[in-house]
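**Student:**
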Amino acid sequence: MYYCSKCEKEITTCPACKQRISDTTAMLYYQLATICFAVAAVFFLLELELQEKTSKALQPFKAAAEIAEKKAKIEAVDIPKPPKKTTPASKAQAPKKSPIRGQTADFRAAMWGTSRSHITDTEKAQLLNDASAYDLDYLDTINNLNAVVRYTFSSNRLESGHYIFFGDKCSNLEQLDQASLKKIGDNTPNSIQSLFEIFPTQRNKALTDVKSIELFYHEMLTSLVAQLGEPIEMTLAEQENQFTPGQKAATVMAFNRALSYSWDTPKSIVDLVFAAHENSMYLSISYHNRKTAK
């Protein structure tokens, strides 16, 4: 196609030879435009493919970066810490108190040789009996059990202290196979039997079956062994380990027997006596002034 500027017409066919007329310049521009479009399309497609491959290649690094960012946020959180336990200075310096042995004293808060009047002024437990010149009796609660606290004096000076626990009449002895029980220990002495008459109401209802009595006896004995070591004297001597705590408790309660243990410390002689009277439990822990103990 040819455009004549003089006649302002487009001539597509030559009037003489009837051949189609083409504008070479226009064709050249058209071809160049087509080539440029094709090249641009190729580059666009290549760019898309490159972006896709780059995104896939960077995906592990992005995941790692996200994990690191989350971890940093978690570590940055201010987690509240539990308050530190604080102990008053006065209590921190005080020695630990045992419900049986007291603090640094020989018996409860008293030292051997303490006057009777001083003990009556300082003892906070419930007074039971102060009629005797030799004994002073109180009622206290130890490990949720009623205990008679007895101070014993010589010339109005403290020489012994006792914790005495009484059980009520054992209720399940008929369940024991008494024919197979071996009698061990000694007969309960009269001195213990008389204490049941002196303290007729100080009974612990929690100590009325063989199992609970066994556990209590074993706990008291184990506690003293932990504090003082193995006893230097005991009723069963070499036979002590031949019987279980259950066997000992059963024979003591069924046959009204008594077992005793003794420890020697620098200032005190310590005794534990486990016995029964009329099938009711008796357990005492006694401390004696080593200088006056016989």
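Using my numbering, the first residue of the sequence shown is number 11, and each one after it goes up by one.
Cβ atoms here follow ideal geometry from the backbone N, Cα and C, with glycine treated the same way.
(1) By Cβ distance, which residues of its chain are closer than 6 Å to ASN214, with the 5 residues on each side in sequence left out?
(2) What residue from LEU56, ALA285, ILE45 has the CA that sits closest to CYS180's CA?
(3) Measuring CA to CA, which of ASN299, ARG160, ARG167 is closest to ILE208?
(4) Would you report the Cα separation of ASN334 and SER290, rounded to the nearest angstrom?
(5) Quick one: is ASN299 buried, meaning 16 or more other Cβ sit within 10 Å of its Cβ, or exposed?
(6) Tell me the rounded alpha-carbon separation between GLY112 and ALA189.
(7) For ASN139, which option in LEU183, GLN212, LYS193, LEU186 has the closest C-alpha, if you only look at C-alpha atoms?
(8) In this structure, does DSSP put GLN212 in helix, strand or coil?
(9) Is there contact between the region 223-243 and the region 270-281, where contact requires at least three CB pairs shorter than 8 Å?
(10) On the premise that THR218 lies in contact with HIS287, defined as a C-beta separation below 8 Å, what is that separation, rounded to the nearest angstrom?
(11) Mapping DSSP to helix, strand and coil, what is GLU169?
(12) Let me check one thing: in DSSP terms, what residues is ARG267 bridge-paired to?
(13) Could you tell me which residues DSSP pairs with GLN136 in its beta bridges?
(14) With the cut-off set at 8 Å, would you say GLY123 and LEU191 are in Cβ contact?
(15) In chain order, what residues of the same chain have a beta carbon less than 7 Å from the beta carbon of ASP150, not counting five sequence neighbours either side?
(16) Here's the rule I'm using: 16 or more other beta-carbon atoms within 10 Å means buried, otherwise exposed. How should GLU62 be labelled?
(17) For a test of the three-state rule: what should DSSP assign to ILE242, helix, strand or coil?
(18) In the structure shown, what three-state DSSP assignment does LEU55 receive?
(19) Closest to GLN237 by C-alpha separation, out of VAL280, GLN41, MET244, would be which residue?
(20) Compare the Cα-Cα distances from ASP196 to each of PHE47, LEU246, SER204 and report the closest residue.
(21) Pick out whichever of LYS258, ARG118, SER164 has its Cα sitting closest to the Cα of ASP145.
(22) Going by beta carbon distance, what residues of the same chain come within less than 6 Å of PHE206, once the five residues before and after it are set aside?
**Tutor:** If we stick to the structure as given:
(1) Locating residue 214 in the sequence shown gives position 204, where the first residue counts as 1. The answer, listed in chain order, is LEU155, ASN156, GLY177.
(2) Against the sequence shown, residue 180 aligns to sequence position 170. Taking only the C-alpha atoms, the option nearest CYS180 is ALA285.
(3) The sequence position of residue 208 within the sequence shown is 198, counting from 1. Ranking the options by Cα distance to ILE208, first place goes to ARG160.
(4) What the structure shows of the chain is the stretch from 11 to 304, and residue 334 is not part of that stretch, so it cannot be assessed.
(5) As a position in the sequence shown, residue 299 is number 289, starting the count at 1. So ASN299 ends up on the buried side.
(6) Residue mapping note: residue 112 aligns to position 102 of the sequence shown, counting from 1. Residue mapping note: residue 189 aligns to position 179 of the sequence shown, counting from 1. Any answer about GLY112 is weak, because its pLDDT of 47 lies below 50 and its placement is not dependable; what the coordinates show is given next. Cα to Cα, the separation comes out at about 43 Å.
(7) Stepping through the sequence shown from its first residue, residue 139 is reached at position 129. When each option's Cα is compared against that of ASN139, the closest is GLN212.
(8) Taking the first residue of the sequence shown as position 1, residue 212 is located at position 202. Looking at GLN212 - three-state DSSP - the assignment turns out to be coil, as it is neither helix nor strand.
(9) yes
(10) Taking the sequence shown and counting its residues from 1, the one referred to as residue 287 is at position 277. Taking the sequence shown and counting its residues from 1, the one referred to as residue 218 is at position 208. Rounded, the Cβ-Cβ distance is 14 Å, inconsistent with contact.
(11) Position 159 of the sequence shown, counted from the first residue, corresponds to residue 169. GLU169 falls in the strand class under three-state DSSP.
(12) By 1-based counting over the sequence shown, the position of residue 267 is 257. According to DSSP, which records beta bridges pairwise, ARG267 is partnered with ASN197.
(13) Taking the first residue of the sequence shown as position 1, residue 136 is located at position 126. Looking at the DSSP assignment, GLN136 forms a beta bridge with LEU149.
(14) The sequence position of residue 123 within the sequence shown is 113, counting from 1. The sequence position of residue 191 within the sequence shown is 181, counting from 1. No, the Cβ-Cβ distance between GLY123 and LEU191 is not below 8 Å.
(15) Within the sequence shown, numbered from 1, the residue matching residue 150 stands at position 140. ALA135, ALA157, VAL159, listed in sequence order.
(16) By one-based count along the sequence shown, residue 62 stands at place 52. GLU62 comes out exposed.
(17) By 1-based counting over the sequence shown, the position of residue 242 is 232. Coil, per DSSP.
(18) Residue numbering aside, residue 55 sits at position 45 when the sequence shown is read from its first letter. Here LEU55 sits in helix by DSSP.
(19) Walking along the sequence shown from the start, residue 237 turns up at place 227. For GLN237, the nearest C-alpha among the options comes from VAL280.
(20) Taking the sequence shown and counting its residues from 1, the one referred to as residue 196 is at position 186. For ASP196, the nearest C-alpha among the options comes from LEU246.
(21) Taking the sequence shown and counting its residues from 1, the one referred to as residue 145 is at position 135. Selected option, being the one with the closest Cα: SER164.
(22) Here residue 206 is taken as the residue at index 196 of the sequence shown, counted from 1. Cβ neighbours of PHE206 beyond the five flanking positions: HIS287.
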